[in-house]
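Remarks on the structure that follows.
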Amino acid sequence: MEWEIKRGANGCLLCNKEFSEGEEYYSALFDENKAFARKDFCPACWHKGKEGREFSFWKTKVPKKDKPAQTMINIEVLLDLFIKLEGNNENHQKNLRYVLALYLIRKKVFKLKSLKRQDGEEVIVLSHPREDREFNVLNPRLKEEEIQSITTEMSQLLNYSHLDHEVQNIAN
Ligand SMILES: [Zn+2]
């Protein structure tokens, strides 16, 4: 499982236009042979080339130079990703879903409701009070280093530099 971020470091994948400070653009995740790739597009190319093949997308903005990079993490983006990963059997994507769950618990989007055993594995039951929904998440029993490395990959993929310090494991 590899993660790939297409660049134009900070530019549109299609027209190579560089994004300037404060400019809005679209980031999309594509599931390419079980690896996520993030691609960035200027609004014009995004609307023109939209094929609906993306796994998830969001609108974002180039941070101002005098501000710390993206302190605001878009919870909806993470939630969307979490929901779309449901039922995915690829290991790395299951791990990613677990790490997303940890983050969303920490952000109080989800509540940890209970733990249960299912086919010999531990499953975390989460409630999502806002939507009155429940989710089951397989606990892949990751080591701290694995959680750290997935979180780092995720923050690069999503361009959220502050994510790293905000994910904590659930005690096994
Ligand atoms: Zn473009």
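Going left to right, the sequence shown walks through residues 1 to 172 as my numbering numbers them.
Ideal Cβ placement from N, Cα and C applies to all residues, glycine included.
Bear in mind the structure is a predicted one, so any value in this text is a computation, not a measurement.
Can you tell me whether residue i is buried or exposed? The criterion is at least 16 other CB atoms within 10 Å of its CB, across all chains shown.
i    : result
L115 : exposed
R97  : buried
K59  : exposed
Excluding the 5 residues flanking residue i on each side, which residues of the same chain have their C-beta closer than 7 Å to its C-beta?
i    : result
L14  : F41, C45 and G49
K64  : E21 and G22
Q118 : none
V99  : I147, I150, T151, M154 and V167
Using only the alpha-carbon positions, how far apart do residue i and residue j sit?
i    : j    : result
S149 : N33  : 20 Å
R7   : G87  : The predicted model places R7 with a pLDDT of 46, which falls under 50 and marks its position as unreliable, so this point remains unresolved.
V125 : G11  : 40 Å
P129 : K17  : 42 Å
P140 : Q93  : 11 Å
S155 : P43  : 23 Å
E144 : N91  : 17 Å
L158 : K39  : 10 Å
V62  : Y26  : 11 Å
K111 : Y160 : 23 Å
S127 : K108 : 10 Å
Using only the heavy atoms of ligand 1, determine whether one of them is closer than 7 Å to the beta carbon of residue i.
i   : result
F41 : yes
K61 : no
A28 : no
L14 : yes
A35 : no
A44 : yes
K17 : yes
Identify, in the order they occur along the chain, each residue of the same chain with its Cβ nearer than 6 Å to the Cβ of residue i, setting aside the five sequence neighbours on each side.
i   : result
L78 : L100
D31 : F55
Between residue i and chain D, is any beta-carbon pair separated by less than 8 Å?
i   : result
K48 : Checking the listed chains, one finds no chain D in this structure; it contains a single protein chain.
Report all residues from its chain with a CB closer than 8 Å to the CB of residue i; omit the five preceding and five following residues, and keep chain order.
i    : result
K84  : F55 and S56
E134 : K113, V125, L126, S127 and H128
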